[in-house]
Amino acid sequence: MSESDDMSELGSIIERITKDEVPIKNIERELICPGCKELFTHPLILPCQHSVCHKCVKEVLLLTHEDSFTDAGSECSNSGSPRSRLSSPSIDRLDRLGRSASLRRSFGRRGRIGFHLFSSYRSSTPTGKKRNSLIPRVTNFPCPGCQHDIDLGERGISGLFRNFTLENIVERYRQAARAAVAIMCNLCKPPPVEATKSCMDCKASYCNECFKMHHPWGTPKAQHEYVGPTTNFRPKVLMCPEHEMEKVNMYCEVCRRPVCHLCKLGGSHANHKVTSMSSAYKLLKEKLSRSIHYLISKEDQVKTQISELDELITHTQHNGETSTREANLHFETLFNILEERKTEMLRTIEVNQTTRLEKLKSQREEYQGMLENSGLVGYAQEVLKETDQSCFVQTAKQLYPRIQKATEALRSFHPAADPSFGDFAVDVSKEEVLLKELGFSIPDVPVIDQSLSRVYNEGLICWLLPEDSSPTDHYILEYKKLDDKAETTWLATEKIYGNSKVVCDLDTNSLYNFRVKSCKKSVYSSYSQEVAFHTPPAPVFSFLFDDKCGFNTERLILNRRQSVESVAGLSLLLGSERIQMGSYMCLDYIIGDTGIDRGSHFWVFRVEPHSYLVKVGVASDTKLQEWFHNPRDTSSPRYDHDSGHDSGSEDTCYDSSQPFTLVTIGMGKFIIPKGSTATTSDYSNRVLPTPQRIGICLDYEKGRVYFYDADNMKCLWERQVDCTGTMYPAFGLMGSGGVHLEEIILGKRLGYTGDAQ
Numbered sequence: 127m128s129e130s131d132d133m134s135e136l137g138s139i140i141e142r143i144t145k146d147e148v149p150i151k152n153i154e155r156e157l158i159c160p161g162c163k164e165l166f167t168h169p170l171i172l173p174c175q176h177s178v179c180h181k182c183v184k185e186v187l188l189l190t191h192e193d194s195f196t197d198a199g200s201e202c203s204n205s206g207s208p209r210s211r212l213s214s215p216s217i218d219r220l221d222r223l224g225r226s227a228s229l230r231r232s233f234g235r236r237g238r239i240g241f242h243l244f245s246s247y248r249s250s251t252p253t254g255k256k257r258n259s260l261i262p263r264v265t266n267f268p269c270p271g272c273q274h275d276i277d278l279g280e281r282g283i284s285g286l287f288r289n290f291t292l293e294n295i296v297e298r299y300r301q302a303a304r305a306a307v308a309i310m311c312n313l314c315k316p317p318p319v320e321a322t323k324s325c326m327d328c329k330a331s332y333c334n335e336c337f338k339m340h341h342p343w344g345t346p347k348a349q350h351e352y353v354g355p356t357t358n359f360r361p362k363v364l365m366c367p368e369h370e371m372e373k374v375n376m377y378c379e380v381c382r383r384p385v386c387h388l389c390k391l392g393g394s395h396a397n398h399k400v401t402s403m404s405s406a407y408k409l410l411k412e413k414l415s416r417s418i419h420y421l422i423s424k425e426d427q428v429k430t431q432i433s434e435l436d437e438l439i440t441h442t443q444h445n446g447e448t449s450t451r452e453a454n455l456h457f458e459t460l461f462n463i464l465e466e467r468k469t470e471m472l473r474t475i476e477v478n479q480t481t482r483l484e485k486l487k488s489q490r491e492e493y494q495g496m497l498e499n500s501g502l503v504g505y506a507q508e509v510l511k512e513t514d515q516s517c518f519v520q521t522a523k524q525l526y527p528r529i530q531k532a533t534e535a536l537r538s539f540h541p542a543a544d545p546s547f548g549d550f551a552v553d554v555s556k557e558e559v560l561l562k563e564l565g566f567s568i569p570d571v572p573v574i575d576q577s578l579s580r581v582y583n584e585g586l587i588c589w590l591l592p593e594d595s596s597p598t599d600h601y602i603l604e605y606k607k608l609d610d611k612a613e614t615t616w617l618a619t620e621k622i623y624g625n626s627k628v629v630c631d632l633d634t635n636s637l638y639n640f641r642v643k644s645c646k647k648s649v650y651s652s653y654s655q656e657v658a659f660h661t662p663p664a665p666v667f668s669f670l671f672d673d674k675c676g677f678n679t680e681r682l683i684l685n686r687r688q689s690v691e692s693v694a695g696l697s698l699l700l701g702s703e704r705i706q707m708g709s710y711m712c713l714d715y716i717i718g719d720t721g722i723d724r725g726s727h728f729w730v731f732r733v734e735p736h737s738y739l740v741k742v743g744v745a746s747d748t749k750l751q752e753w754f755h756n757p758r759d760t761s762s763p764r765y766d767h768d769s770g771h772d773s774g775s776e777d778t779c780y781d782s783s784q785p786f787t788l789v790t791i792g793m794g795k796f797i798i799p800k801g802s803t804a805t806t807s808d809y810s811n812r813v814l815p816t817p818q819r820i821g822i823c824l825d826y827e828k829g830r831v832y833f834y835d836a837d838n839m840k841c842l843w844e845r846q847v848d849c850t851g852t853m854y855p856a857f858g859l860m861g862s863g864g865v866h867l868e869e870i871i872l873g874k875r876l877g878y879t880g881d882a883q
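With the working numbering applied, the sequence shown covers 127 to 883.
Have a look at this one:
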């Protein structure tokens with residue numbers, strides 16, 4: 127679309143809005159002061175761009191304590207701020223403010239009303255000084271709209287603009303609300319006639335006759351500005367708060383407020399970027415009109431979303447009721463089971479008690495009979511007096527079993543039943559624990575696996591569930607950027623049905639926190655422990671190993687063009703015949719298949735721990751041509767400063783910028799080149815443990831290369847490099863070893879899977 131078409135479309139949008147063809151609903155929500163919760167009255171624009179009633183600011187200041195600064199602030203002499211000094215509020219008004227919970231929430235963060243006034247110094251007004259002169263002071267208070275501390279500066283209220291646009295809108299809203307009440311002429315004799323015009327210069331309303339009488343043709347009053355009947359009269363020109371006699375005619379883009387030419391020439395906006403008021407008006411009106419047009423065009427979308435929310439509300443209510451019924455059913459089942467077990471166990475105890483009592487009572491009767499039948503002993507004594515043997519035997523034969531039974535009963539007394547009911551004790555300790563743990567089926571909390579997770583421009587976050595965990599329905603991953611300057615919110619992904627998720631569009635050189643939770647049957651677990659990852663200082667550079675440029679197939683083995691291994695081959699054996707002393711080999715170089723000629727790029731790789739010697743870094747295309755076309759298989763290591771030996775020749779090569787930079791890695795050591803910096807001359811300072819993953823960042827414009835520990839994004843070493851041509855990631859291997867490029871969620875690797883045979 128051309129610029130003219132775009133402007134014509136914008137013009138039509140503005141025209142439709144101006145003609146009120148677009149209905150604005152619920153506008154009253156925008157016309158309520160956050161302080162007093164009423165319609166705005168003489169609203170002031172705070173530095174945070176929120177508006178507050180002048181009376182709210184004034185009354186709260188007076189409520190805090192009587193202050194000369196308050197008086198000065200109320201007597202601004204320019205037309206952009208209230209001129210008249212407000213009278214002290216009534217006791218009832220102050221009491222209402224003191225009891226107002228909403229005002230406490232708006233103006234006090236700790237349940238206190240008022241502004242926090244910090245005085246730099248106080249002094250009485252000298253004799254002869256202007257009544258509205260300023261007393262230097264620093265004033266901070268929380269904005270009732272955004273709750274941020276606002277610094278009014280030394281001018282206080284007098285440095286704030288009146289929001290005349292908002293005043294007009296409030297007045298139009300009031301008139302619309304009381305459309306049946308007409309505005310009467312201020313000059314008519316009683317009874318007054320309904321006004322047809324209002325003069326903005328005279329600040330009065332007139333009927334037709336009175337307007338003609340007081341604004342006759344040919345007089346200066348005939349040039350006055352008049353509008354439809356209104357009770358809202360505002361100044362025609364917005365004046366500068368700092369320079370009372372100057373009109374605002376420019377807009378400060380830094381402070382985002384209107385200023386006058388004196389503010390720009392030598393005032394507080396001297397070094398700020400300002401633009402003309404017409405340009406600011408045009409730009410802001412275009413932006414606002416486009417935004418309004420966008421909102422209006424999305425009305426159907428909003429209605430659809432409202433329908434979706436209504437449906438969600440219905441489903442939520444239905445699902446909540448269903449869950450309540452199911453919970454009641456489960457508890458009723460538990461109650462029934464407990465009642466059945468209670469009845470059965472009590473019946474068992476009762477039956478056992480009855481049986482035992484019967485046995486004990488029978489035994490008691492027996493012993494009671496022994497006492498009652500004490501004549502048995504007397505009878506036995508009389509039998510012993512019998513002298514006739516045959517008669518004695520006949521009688522004693524029947525008597526002896528009875529006497530013997532009584533004797534044995536006395537010698538061994540045993541109750542017929544056990545009075546203890548210890549074997550009927552009910553142990554409910556386990557059941558009590560289970561009942562206390564009774565609750566919703568909350569899924570287990572997942573754990574983020576840092577060993578498998580990778581975070582670059584895109585982040586691959588992996589997690590696991592604890593062992594013996596039941597499967598979950600899905601997961602939700604949340605992440606946020608940690609920013610010291612601003613509070614950031616957590617961003618949530620859609621439902622995840624696997625154990626990993628790729629997060630896109632992460633900012634470079636930033637710290638992110640990640641957490642994940644699981645869900646099962648609409649019940650979410652707690653969040654996992656937060657895990658922090660630091661993104662690299664530059665976007666990830668996508669490349670694979672180039673098998674067509676200097677690749678030695680006898681000594682190097684490629685695997686899917688993302689890993690290379692160095693092995694001893696036949697050429698080494700044949701070369702040994704020419705070797706008289708020592709064993710010298712050149713580095714077998716391999717580079718990336720994509721070069722860098724602009725921008726800043728980052729890549730990560732891993733060196734095998736058993737590697738003997740590996741050189742990693744960057745090199746220009748001209749330097750690579752030299753390395754690939756002039757091999758030195760049996761030359762002395764001192765001939766080439768990149769041979770991998772700490773021969774001392776590197777001392778001079780780093781004195782000036784070179785079209786390459788390589789560091790040595792081998793036998794678990796990360797070796798910074800000798801003489802590369804003043805602080806790395808000592809061997810102990812130049813040797814570091816080899817990180818598990820190494821990152822390299824090349825800033826082409828700055829001509830600088832950085833080496834990182836990719837696990838914590840800690841810079842190990844940096845150096846200037848001559849970026850005169852196309853720079854390539856360079857790798858050199860000697861002896862056994864291997865280098866593996868990090869799989870950084872790149873699509874390029876997948877594109878070569880068919881060619882990686």
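For glycine and all other residues, C-beta sits at the position ideal for the given N, C-alpha and C. Please read all numbers here as calculations on a predicted model, not as lab measurements.
Put residue 413 into one of helix, strand or coil per three-state DSSP.
Mapped onto the sequence shown, residue 413 falls at position 287. Reduced to three states, the DSSP call for residue 413 is helix.
Please give the ranges of any beta strand (DSSP E) in the segment 320-354, keeping only runs that are unbroken, at least 3 residues long and fully inside the region.
Counting only runs of 3 or more, we get 323-325, 330-332.
Leaving out the 5 sequence neighbours to the left and right, which residues in its chain are closer than 7 Å to residue 507 when beta-carbon positions are compared?
Position 381 of the sequence shown, counting from 1, holds the residue named residue 507. If you ignore the 5 residues before and after residue 507, its C-beta comes within less than 7 Å of no other C-beta in its own chain.
Residues bridged to residue 654 by DSSP?
As a first step, residue 654 must be located in the sequence shown, where it is residue number 528. None, per the DSSP bridge assignment.
Looking at the structure shown, is residue 552 part of a helix, part of a strand, or coil, going by DSSP?
Along the sequence shown, read from residue 1 onward, the residue named residue 552 stands at position 426. DSSP places residue 552 in coil when its eight states are reduced to three.
Just grab the DSSP bridge partners of residue 843 for me.
For the purposes of this step, residue 843 is taken as the residue at position 717 of the sequence shown. Bridge partners of residue 843: 833.
Please report how far the alpha carbon of residue 288 lies from the alpha carbon of residue 426, in whole angstroms.
Sequence index remark: in the sequence shown, residue 288 carries index 162 (1-based). Sequence index remark: in the sequence shown, residue 426 carries index 300 (1-based). Inter-residue distance for residue 288 and residue 426 is about 36 Å (C-alpha atoms, whole angstroms).
Spatial distance of residue 413 from residue 374 (CA atoms)
Position 287 of the sequence shown, counting from 1, holds the residue named residue 413. Position 248 of the sequence shown, counting from 1, holds the residue named residue 374. Their backbone Cα atoms lie some 22 Å apart in a straight line.
Given a cut-off of 8 Å on the beta-carbon distance, is the pair residue 664 and residue 746 in contact?
If you number the sequence shown from 1, residue 664 lands on position 538. If you number the sequence shown from 1, residue 746 lands on position 620. No, the pair does not count as a contact, with Cβ atoms beyond the cut-off.
Any contact of the segment 625-640 with the segment 819-833, i.e. 3+ C-beta pairs under 8 Å?
Segments in contact, no.
Return yes when the Cβ of residue 622 is within less than 8 Å of the Cβ of residue 601, no when it is not.
The sequence position of residue 601 within the sequence shown is 475, counting from 1. The sequence position of residue 622 within the sequence shown is 496, counting from 1. Cβ atoms of residue 601 and residue 622: closer than 8 Å.
Of all the options 620, 675, 399, 581, which has the alpha carbon lying nearest to the alpha carbon of residue 868?
Along the sequence shown, one-based indexing puts residue 868 at 742. Nearest Cα to residue 868 within the set 620, 675, 399, 581: 581.
CA-to-CA distance, residue 387 to residue 411, given in whole angstroms:
The count along the sequence shown starts at 1 and reaches residue 411 at position 285. The count along the sequence shown starts at 1 and reaches residue 387 at position 261. So the alpha carbons of these two residues sit roughly 23 Å apart.
Nearest-angstrom Cα distance between residue 156 and residue 176?
In the sequence shown, residue 156 corresponds to position 30, counting from 1. In the sequence shown, residue 176 corresponds to position 50, counting from 1. Looking at the backbone, the Cα of residue 156 and that of residue 176 are separated by about 11 Å.
Leaving out the 5 sequence neighbours to the left and right, which residues in its chain are closer than 7 Å to residue 296 when beta-carbon positions are compared?
In the sequence shown, the residue the question calls residue 296 occupies position 170. Taken in chain order, the residues that qualify are 157, 165, 166.
Cα-Cα separation, residue 866 to residue 560
As a working note, residue 866 is residue 740 in the sequence shown. As a working note, residue 560 is residue 434 in the sequence shown. Taking the straight line from one Cα to the other gives about 53 Å.
Taking residue 570 as the reference, which of 649, 521, 537 has the closest Cα?
Taking the sequence shown and counting its residues from 1, the one referred to as residue 570 is at position 444. Proximity to residue 570 across 649, 521, 537 peaks at 649, based on C-alpha coordinates.
Excluding five sequence neighbours on each side, which residues of the same chain lie with their C-beta closer than 7 Å to the C-beta of residue 576?
Against the sequence shown, residue 576 aligns to sequence position 450. The answer, listed in chain order, is 657.
For residue 815, which three-state DSSP category applies?
As a first step, residue 815 must be located in the sequence shown, where it is residue number 689. In this structure, residue 815 counts as strand in the three-state DSSP scheme.
May I have the straight-line CA-CA distance separating residue 163 from residue 182, to the nearest angstrom?
Taking the first residue of the sequence shown as 1, we reach residue 163 at position 37. Taking the first residue of the sequence shown as 1, we reach residue 182 at position 56. Spanning the two alpha carbons is a distance of roughly 10 Å.
Between which residues of its own chain and residue 819 is the CB-CB distance below 8 Å, once the five residues before and five after are set aside?
Within the sequence shown, the letter at position 693 stands for residue 819. Result list for residue 819: 730, 731, 732, 835, 836, 837, 868, in chain order.
Buried or exposed (CB count within 10 angstroms, at least 16 for buried), residue 860
On the sequence shown, position 734 is the one that residue 860 refers to. Counting C-beta atoms within 10 angstroms of its own C-beta, residue 860 has 16 or more neighbours from the protein chains shown and is therefore classed as buried.
Please report the straight-line C-alpha distance between residue 845 and residue 290, rounded to a whole angstrom.
Counting from 1 along the sequence shown, the entry for residue 845 is found at position 719. Counting from 1 along the sequence shown, the entry for residue 290 is found at position 164. Going by the C-alpha atoms only, they are around 59 Å apart.
Measure the beta-carbon distance from residue 863 to residue 738 and round it to whole angstroms, keeping in mind my assumption that it falls under 8 Å.
Stepping through the sequence shown from its first residue, residue 863 is reached at position 737. Stepping through the sequence shown from its first residue, residue 738 is reached at position 612. Right, their Cβ atoms sit about 6 Å apart.
Quick check on residue 721: does DSSP put it in helix, strand or coil?
Residue 721 sits at position 595 when you count from the first residue of the sequence shown. Three-state DSSP puts residue 721 in coil, outside helix and strand.
Quick check on residue 644: does DSSP put it in helix, strand or coil?
The residue given as residue 644 occupies position 518 in the sequence shown. Note: residue 644 maps to strand in three-state DSSP.
Spatial distance of residue 211 from residue 184 (CA atoms)
Within the sequence shown, the letter at position 85 stands for residue 211. Within the sequence shown, the letter at position 58 stands for residue 184. Reliability fails at residue 211, whose pLDDT of 34 lies under 50, so the model's placement of it is uncertain and no value is given.
What does DSSP give as the partner residue(s) for residue 169 in the beta ladder?
Here the question's residue 169 lines up with position 43 in the sequence shown. DSSP lists 179 as partners of residue 169.
Give the secondary structure of residue 635 by DSSP, where H, G and I count as helix, E and B as strand, and everything else as coil.
Along the sequence shown, one-based indexing puts residue 635 at 509. Under the three-state reduction of DSSP output, residue 635 falls in the coil class, being neither helix nor strand.
Status (buried if at least 16 other CB within 10 Å, exposed otherwise) for residue 323:
The residue you call residue 323 lines up with position 197 of the sequence shown. Per the 10 Å Cβ criterion, buried.
Identified DSSP bridge partners for residue 579:
Working through the sequence shown from its first residue, we reach residue 579 at position 453. Answer is none; residue 579 lacks a bridge partner.
Here's the rule I'm using: 16 or more other beta-carbon atoms within 10 Å means buried, otherwise exposed. How should residue 630 be labelled?
Here residue 630 refers to the residue found at position 504 of the sequence shown. It is exposed - the Cβ of residue 630 has fewer than 16 other Cβ atoms within 10 Å.
First and last residue of the uninterrupted alpha helix (DSSP H) at residue 527
Residue 527 sits at position 401 when you count from the first residue of the sequence shown. 515-537 is the span of the alpha helix (DSSP H), which, as asked, contains residue 527.
Suppose the cutoff is 8 Å on Cβ atoms and the five residues either side in sequence are ignored; what does the same chain contact list for residue 794 look like?
Position 668 of the sequence shown holds residue 794. Spatial neighbours of residue 794 in its own chain (CB-CB distance under 8 Å, excluding positions within 5 residues in sequence) are listed in chain order as 735, 815, 816.
So the alpha helix (DSSP H) residue 748 belongs to, where does it begin and stop?
Translated into the one-based positions of the sequence shown, residue 748 becomes position 622. Segment 747-755, the alpha helix (DSSP H) holding residue 748.
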